[in-house]
Amino acid sequence: MPTRPWAVAVMAMLMIAVNVGFYLLPFDYRGLGDYAIAGVFALTAIATATIVVPVPYIPIVIHLAQQSTHPRDLVLIALAAGLGSVVGETSGYLVGRAGSSAVSDTRMARWVAEQMTHPVRSFVTLFALSAPPNPLFDVAGMAAGAFRVPFWRFASAVCAGRCVRMAGIILVGLWLPG
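Letter 122 of the sequence shown, counting from 1, is numbered 135 in the working numbering, and no numbers are missing.
What follows is the structure in structure tokens.
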């Protein structure tokens, strides 16, 4: 990960450009039928599990939502993406569970670690950090594993947060030109 501010800015612009590029690519997801929802699950699981190669899943979720024909499909897309995110973020949790030395010693990491020691605060912190698009969530996932937050609490907080995130992305995406 680059430490120079200009390198971080270039990487951020590159990631935005890739996402916009994927959004502008025309693709008819209706041809996938019921497999499209499973595809969203798999894509978000892969996208959230990988740190090195950014996977542009947000434009695909938006396109799928824009092409859906029933409001029920929007709920299913958000749920599938939220559950897929839980599967992907489990990798960070397991890294933390394997050894707390993987958690970096930064101010943010120390704050997250302190929150993980209390059951209610750990749920609220994991929910709050997982709902917005937040690259620092990997630190929270590793801290949750390192401090032995029960997996069910980790998974339920992340699932709730990611479903809220995906519902927001879908709502914004419905306003965009399709």
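Just so you know, even glycine gets a beta-carbon here, dropped at the ideal spot from N, CA and C. Keep in mind it's a predicted model, so treat the numbers as computed, not measured.
With contact defined as three or more Cβ pairs closer than 8 Å, the segment 84-101 and the segment 118-126 are not in contact. The DSSP-derived three-state label of H131 is coil.
If you draw a straight line from the Cα of I182 to the Cα of I71, it is about 8 Å long.
With a cut-off of 8 Å on Cβ pairs, the segment 128-136 is not in contact with the segment 73-88, counting fewer than three such pairs. Counting along the chain, T57 sits inside the alpha helix (DSSP H) bounded by residues Y48 to A62. One thing to note: V125 has its Cβ no nearer than 8 Å to the Cβ of S143.
A direct Cα-Cα distance of roughly 6 Å separates L107 from G158. Remark: C-beta atoms of A58 and G97 approach each other more closely than 8 Å. Of A30, A156 and L184, the smallest CA-CA separation from T130 is found for A156.
Nearest to G112 by alpha-carbon distance, out of P39, R178, E102 and F160, is F160.
Within the same chain, and ignoring the five residues on either side of F167 in sequence, the residues whose Cβ sits closer than 7 Å to its Cβ are Y106, L139 and A157.
Distance from the CA atom of L38 to the CA atom of V100, rounded to whole angstroms, is 27 Å. In this structure, the CA atom of S169 is about 29 Å from the CA atom of I29. G174 sits away from A78, with the two beta carbons spaced by 8 Å or more. DSSP places R17 in the coil class of the three-state scheme, outside both helix and strand. For P84, the enclosing alpha helix (DSSP H) starts and ends at P84 to A111. Counting along the chain, L184 sits inside the alpha helix (DSSP H) bounded by residues F164 to W188.
G44: not part of any alpha helix (DSSP H); DSSP gives it neither H nor E. Note that the C-beta distance between E102 and T61 is below 8 Å.
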